Amino acid sequence: MRKILLGLILVLMTITFVSAAEDGQAIRFADEYESQVSAQELAKDYEGWKISLAIRAGRAEYEEKEQTIKSKYNVIYPEAVLTVNNTTSGGMDIGADFAFGYSLTDTETWYVSGAEYQTNDLNLYRGDFKGRLGKVIGGEGFSITPFVGYGFRYINFDRSNFNILNTITLRDVVTEKYYIQHGDAGVKFSKKFGEKFSLYGKGTYGHVFYDKAHNSVLGSIDGKGGYIAEGDLNLGFALSDSCDLSLGGFAEFQKLKGGEKSGVIWPNNTLEIYGGQVGVLYKF
Numbered sequence: 023m024r025k026i027l028l029g030l031i032l033v034l035m036t037i038t039f040v041s042a043a044e045d046g047q048a049i050r051f052a053d054e055y056e057s058q059v060s061a062q063e064l065a066k067d068y069e070g071w072k073i074s075l076a077i078r079a080g081r082a083e084y085e086e087k088e089q090t091i092k093s094k095y096n097v098i099y100p101e102a103v104l105t106v107n108n109t110t111s112g113g114m115d116i117g118a119d120f121a122f123g124y125s126l127t128d129t130e131t132w133y134v135s136g137a138e139y140q141t142n143d144l145n146l147y148r149g150d151f152k153g154r155l156g157k158v159i160g161g162e163g164f165s166i167t168p169f170v171g172y173g174f175r176y177i178n179f180d181r182s183n184f185n186i187l188n189t190i191t192l193r194d195v196v197t198e199k200y201y202i203q204h205g206d207a208g209v210k211f212s213k214k215f216g217e218k219f220s221l222y223g224k225g226t227y228g229h230v231f232y233d234k235a236h237n238s239v240l241g242s243i244d245g246k247g248g249y250i251a252e253g254d255l256n257l258g259f260a261l262s263d264s265c266d267l268s269l270g271g272f273a274e275f276q277k278l279k280g281g282e283k284s285g286v287i288w289p290n291n292t293l294e295i296y297g298g299q300v301g302v303l304y305k306f
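Sequential numbering from 23 applies to the sequence shown in this note's numbering.
Structure, rendered in structure tokens:
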């Protein structure tokens with residue numbers, strides 16, 4: 023009887039183990055299938071080349087500060103940003119941004135110990151390049167992409183019509199050029215809502231490891247580094263499978279430590295730009 027009972031137990035255990043193994047295989051197959059579907063969804067949503075153009079309009083606020091001397095400048099600033107991006111089937115993300123902006127002309131005011139000392143006209147324009155490499159994480163309509171990158175920025179300031187203590191007026195143009203290089207780290211994200219809408223954006227922190235100013239009167243001065251922090255947030259609308267429109271906002275803050283050469287000081291300075299943007303994106 024014991025042998026019969028033991029045999030039944032062994033048979034039941036064998037059946038149980040076989041069933042569990044089959045269930046495990048089924049679960050593993052389901053997990054693998056789900057993973058494959060997720061990867062397919064990821065590829066479907068993000069793989070391939072994309073090119074976009076964003077037109078920005080906002081305000082630029084520039085300030086220089088050194089001991090008792092301080093300047094203030096606030097102006098309307100439009101800019102165009104062209105972005106080229108490619109995501110591979112393995113989720114590697116490679117992109118580059120090319121930007122150019124040109125401000126209107128407005129008044130820059132200088133203060134010494136809080137009292138107005140000088141005014142002058144000022145306009146600025148800049149060219150910007152950023153390259154980045156990242157890895158897409160996610161799927162099924164949502165992704166985040168951590169990335170690292172490199173950027174080069176050129177800024178040109180043209181000052182004219184100097185009025186000093188309301189008594190001295192100089193109309194000559196003084197040009198100042200900034201050359202900036204920075205290493206970046208950041209993250210992009212994208213979330214789809216149904217077939218038509220999406221929310222996406224990017225945040226970046228850039229460490230400035232090279233900055234130089236060249237003044238047409240005072241010559242060149244090396245700076246002591248700084249940082250650039252920037253981000254944008256956009257609502258996208260799909261016109262078709264290959265074309266999206268977007269509406270959003272952006273902000274950036276640049277801070278540079280100045281330098282000194284032969285008694286000539288390049289003051290510490292900040293540049294803040296913020297506003298809205300409209301864009302079009304094409305996928306192919």
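Each residue gets a CB set at the ideal place from its N, CA and C atoms; glycine is no exception.
If you're wondering where the values come from, they're calculated on a predicted model, not measured in any experiment.
Asked	Found
What is the C-beta distance between G297 and G253, in whole angstroms, given that I count them as a contact (C-beta under 8 Å)?	Between G253 and G297 the Cβ distance is about 13 Å, and since that is not below 8 Å, they are no contact.
Give the DSSP-derived three-state secondary structure of N107 in the structure shown.	strand
Determine whether the beta carbon atoms of K279 and K246 lie at a separation below 8 Å.	yes
Report the CB separation of N237 from V196 in whole angstroms; it is logged as a contact under 8 Å.	7 Å
On the three-state DSSP scale, how would you describe I37?	Because I37 sits at a pLDDT of 36, beneath the cut-off of 50, its placement in the model cannot be relied upon, and the point is left open.
With a threshold of 8 Å, are at least 3 pairs of Cβ atoms found where one atom belongs to the region 208–219 and the other to the region 176–190?	no
Does the separation of the CB atoms of Y176 and G149 fall below 8 Å?	yes
Please go through the region 177–254 and give each complete beta strand (DSSP E) segment of 3 or more residues, from N-terminal end onward.	190–192, 196–215, 219–237 and 241–244
Quick check on the burial criterion: 16 or more other C-beta atoms within 10 angstroms. Buried or exposed for F272?	buried
Alpha carbon to alpha carbon, what distance is there between K305 and K157?	19 Å
Which of the three DSSP states, helix, strand or coil, is assigned to V134?	strand
Put K279 into one of helix, strand or coil per three-state DSSP.	coil
Do you know offhand how far N290's Cα is from G113's?	41 Å
Got a sec? Which residues, its chain only, sit under 7 Å from P168 by beta carbon, not counting five neighbours each side?	G156, K157 and V209
With a threshold of 16 other CB atoms inside 10 Å of the CB of V239, please say whether the residue is buried or exposed.	exposed
Between the C-alpha atoms of I287 and E88, what's the straight-line distance to the nearest angstrom?	9 Å
Comparing C-alpha positions only, which one of E69, P100, K72 and S93 sits nearest to A79?	P100
Taking the C-alpha atoms as reference points, what is the distance between I159 and E138?	53 Å
Starting from T292, trace the beta strand (DSSP E) both ways and give me its first and last residue.	N290 to K305
From S242 to N107, what does the alpha carbon distance come to, in whole angstroms?	36 Å
Would you report the Cα separation of A118 and N142, rounded to the nearest angstrom?	36 Å
Short of 6 Å in beta carbon distance, which residues of its chain neighbour R181, apart from the five on each side in sequence? Order them along the chain.	N142, L144 and V196
List the endpoints of the continuous beta strand (DSSP E) containing G112.	Here G112 belongs to no beta strand (DSSP E), and DSSP marks it neither H nor E.
Helix, strand or coil: how does DSSP classify Q140 here?	strand
Just reading off the beta strand (DSSP E) that E85 is part of, what are its end residues?	G70 to E88
Would you list the residues sitting across from E274 in a DSSP beta bridge?	E252 and I295
Here's the rule: buried if 16 or more other CB atoms are within 10 angstroms of the residue's CB, otherwise exposed. What is D115?	buried
Taking only the alpha-carbon atoms, compute the straight-line gap between A65 and N96 and give it to the nearest angstrom.	The pLDDT assigned to A65 is 48, lower than 50, so where the model puts this residue is not dependable, and the model offers no usable value.
Determine the burial state of V103: buried for a count of at least 16 other Cβ atoms within 10 Å of its Cβ, exposed for fewer.	buried
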